[in-house]
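Just below is one structure, and these are the notes that go with it.
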Amino acid sequence: MLEKKSIEYEKAVLIGVLNQYQDEDKVKEYLDELEFLTYTAGGEVEKRFVQRIDVPNPKTYIGSGKMEEVRQFVKENEIGSVIFDDELSPAQQNNIEKLLKCKVLDRTSLILDIFAQRAQTSYARTQVELAQYEYLLPRLTGLWTHLERQRGGIGMRGPGETEIETDRRIVRDRIALLKKKLAKIDRQMETQRGNRGSLVRVALVGYTNVGKSTLMNVISKSEVFAENKLFATLDTTVRKVVLGNLPFLLSDTVGFIRKLPTQLVESFKSTLDEVREADLLLHVVDISHPNFEEHIDSVNQILDEIDSSDKPCIMVFNKIDQYSPEEIDEDDLVTERTSAHFTLEEWKKTWLNKIGDKALFISALNKENMDEFRKRVYDAVRDIHVTRFPYNNFLYPEHLDEY
Numbered sequence: 001m002l003e004k005k006s007i008e009y010e011k012a013v014l015i016g017v018l019n020q021y022q023d024e025d026k027v028k029e030y031l032d033e034l035e036f037l038t039y040t041a042g043g044e045v046e047k048r049f050v051q052r053i054d055v056p057n058p059k060t061y062i063g064s065g066k067m068e069e070v071r072q073f074v075k076e077n078e079i080g081s082v083i084f085d086d087e088l089s090p091a092q093q094n095n096i097e098k099l100l101k102c103k104v105l106d107r108t109s110l111i112l113d114i115f116a117q118r119a120q121t122s123y124a125r126t127q128v129e130l131a132q133y134e135y136l137l138p139r140l141t142g143l144w145t146h147l148e149r150q151r152g153g154i155g156m157r158g159p160g161e162t163e164i165e166t167d168r169r170i171v172r173d174r175i176a177l178l179k180k181k182l183a184k185i186d187r188q189m190e191t192q193r194g195n196r197g198s199l200v201r202v203a204l205v206g207y208t209n210v211g212k213s214t215l216m217n218v219i220s221k222s223e224v225f226a227e228n229k230l231f232a233t234l235d236t237t238v239r240k241v242v243l244g245n246l247p248f249l250l251s252d253t254v255g256f257i258r259k260l261p262t263q264l265v266e267s268f269k270s271t272l273d274e275v276r277e278a279d280l281l282l283h284v285v286d287i288s289h290p291n292f293e294e295h296i297d298s299v300n301q302i303l304d305e306i307d308s309s310d311k312p313c314i315m316v317f318n319k320i321d322q323y324s325p326e327e328i329d330e331d332d333l334v335t336e337r338t339s340a341h342f343t344l345e346e347w348k349k350t351w352l353n354k355i356g357d358k359a360l361f362i363s364a365l366n367k368e369n370m371d372e373f374r375k376r377v378y379d380a381v382r383d384i385h386v387t388r389f390p391y392n393n394f395l396y397p398e399h400l401d402e403y
């Protein structure tokens, strides 16, 4: 008889700050995202603490009064992790751990932890390990206390090398080794991409958890892992897709997120080569998310960082089946109507109207409007193919309907 498996979630507390750049709504939204990240990593949020503070405390990030409040809650409720929404300096992290006597993480280390869980291939694991070591290097102080100095022998007198110096040297050597390994894998992947011939390359890009992998599965009839969690996809997947009789390559890439750590963008530069070398981008957006416009800005910012913002792009607004606007009662004369109250038809008349035929509204899960999606992608891929091989235009009809 099979034993029933129960998942143990680690108790966690979230901490955010209000300042001139982040108002209450923004902080709530960031903490909602941080809570989803915590759940993805295997944690359960017990409470959130928010403090208004214009300049973070250089020692403990938040004020001493709020820190005491957190310490009491952590002690009484046996909390395993305290997670800050912003990046902590090594000194701050060390000071807070001494005060709270529990694990202290920031947004960066939480994302790195999720990436470590999700990495399947040797390539992804190497990228994550490199990012983790680069994050760990300035934070080594105080981790080890059992040795004071390494011993010298005859002819080796002198102060010797302190243990922290030894650890730093080991980590630096490991970083250098991983960079060499990644450079080698990059060359291999470049060769693989070169061997794909002259097929048009299409890449799915977008914020994390917008449904890129689900869309990939629908178009390519494959079984890429898809789950309602952040960063379900870490390894780039490439599939050959045929619409009508027109073949092209479709790649599913890692999702983006706000406040993405710099070392992660650096480490995953090579994974994002699929995006950099694509001929067409399908920018997938979760229209059911209340802040999807900010998600679009975050993705465009990262595309700009990897020199891919000028590529042909089709905006694919996914999850229309889950979209529901906020409602105002007929007798409510106080509440002001905002974009949160727009219906899909009203959204189409806003700035989305300027995109014109470059915007699509679909539901990948329920396969709504997929025929229109296939036609639009077919037309875009055919235009690129015919531009590249003008003598091939007679092979592919102008429209998918002509089959």
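The UniProt record's numbering puts the first residue of the sequence shown at 1, with every later residue one more than the last. For each residue, glycine too, the CB sits at the ideal point set by N, CA and C.
Whose C-beta lies closer than 6 Å to the C-beta of residue i among residues of the same chain, with five residues either side of it excluded?
i: residue 364; result: 211, 214, 215, 218 and 318
i: residue 132; result: 112
i: residue 106; result: 84, 87 and 88
i: residue 137; result: 171
i: residue 59; result: 95
For residue i and residue j, which I take to be in contact (beta-carbon distance under 8 Å), what is that distance rounded to the nearest angstrom?
i: residue 279; j: residue 200; result: 5 Å
i: residue 37; j: residue 114; result: 7 Å
i: residue 203; j: residue 237; result: The Cβ separation is near 11 Å, so there is no contact.
i: residue 49; j: residue 15; result: 5 Å
i: residue 178; j: residue 108; result: The pair is not a contact, with the Cβ atoms about 18 Å apart (cut-off 8 Å).
When you compare only the Cα positions, how much space is there between residue i and residue j?
i: residue 171; j: residue 134; result: 8 Å
i: residue 91; j: residue 355; result: 47 Å
i: residue 275; j: residue 301; result: 14 Å
i: residue 372; j: residue 358; result: 12 Å
i: residue 349; j: residue 290; result: 18 Å
i: residue 251; j: residue 308; result: 15 Å
i: residue 39; j: residue 260; result: 18 Å
i: residue 144; j: residue 167; result: Bear in mind that a pLDDT of 49 at residue 144, under 50, signals an unreliable position, so the model cannot answer this.
i: residue 409; j: residue 97; result: Residue 409 is absent from the model: the chain starts at 1 and stops at 403.
i: residue 53; j: residue 370; result: 48 Å
i: residue 299; j: residue 316; result: 13 Å
i: residue 185; j: residue 123; result: 7 Å
i: residue 243; j: residue 379; result: 10 Å
i: residue 343; j: residue 28; result: 24 Å
i: residue 63; j: residue 74; result: 16 Å
i: residue 386; j: residue 57; result: 60 Å
i: residue 390; j: residue 182; result: 38 Å
i: residue 65; j: residue 19; result: 17 Å
i: residue 388; j: residue 272; result: 24 Å
i: residue 24; j: residue 293; result: 18 Å
i: residue 22; j: residue 61; result: 16 Å
i: residue 70; j: residue 76; result: 10 Å
i: residue 101; j: residue 81; result: 10 Å
i: residue 174; j: residue 189; result: 22 Å
i: residue 191; j: residue 362; result: 35 Å
i: residue 374; j: residue 169; result: 54 Å
i: residue 139; j: residue 312; result: 42 Å
i: residue 284; j: residue 368; result: 15 Å
i: residue 415; j: residue 347; result: Nothing about residue 415 can be read from this structure; the chain reaches only from 1 to 403.
i: residue 146; j: residue 180; result: Note that residue 146 scores 47 on pLDDT, short of 50, meaning its location in the model is unreliable and no value can be drawn from it.
i: residue 281; j: residue 345; result: 25 Å
i: residue 148; j: residue 26; result: The predicted model places residue 148 with a pLDDT of 47, which falls under 50 and marks its position as unreliable; any figure quoted below should be read in that light. Their backbone Cα atoms lie some 46 Å apart in a straight line.
Measure the CB-CB distance between residue i and residue j and report whether it falls below 8 Å.
i: residue 176; j: residue 83; result: no
i: residue 207; j: residue 257; result: yes
i: residue 34; j: residue 67; result: no
i: residue 104; j: residue 116; result: no
i: residue 9; j: residue 46; result: no
i: residue 310; j: residue 366; result: no
i: residue 376; j: residue 396; result: no
i: residue 287; j: residue 360; result: no
i: residue 17; j: residue 72; result: no
i: residue 41; j: residue 110; result: yes
Which residues in the same chain as residue i place their Cβ atom closer than 8 Å to its Cβ, once the five residues preceding and following it in sequence are excluded?
i: residue 247; result: 199, 240 and 241
Taking its Cβ as the centre, do 16 or more other Cβ atoms sit within 10 Å of residue i, making it buried, or is it exposed?
i: residue 55; result: exposed
i: residue 121; result: exposed
i: residue 118; result: buried
i: residue 303; result: buried
i: residue 209; result: buried
i: residue 255; result: buried
i: residue 324; result: exposed
In its own chain, which residues sit with a C-beta less than 7 Å from the C-beta of residue i, not counting the 5 before and 5 after it?
i: residue 220; result: 239, 241 and 250
i: residue 384; result: 200, 279 and 280
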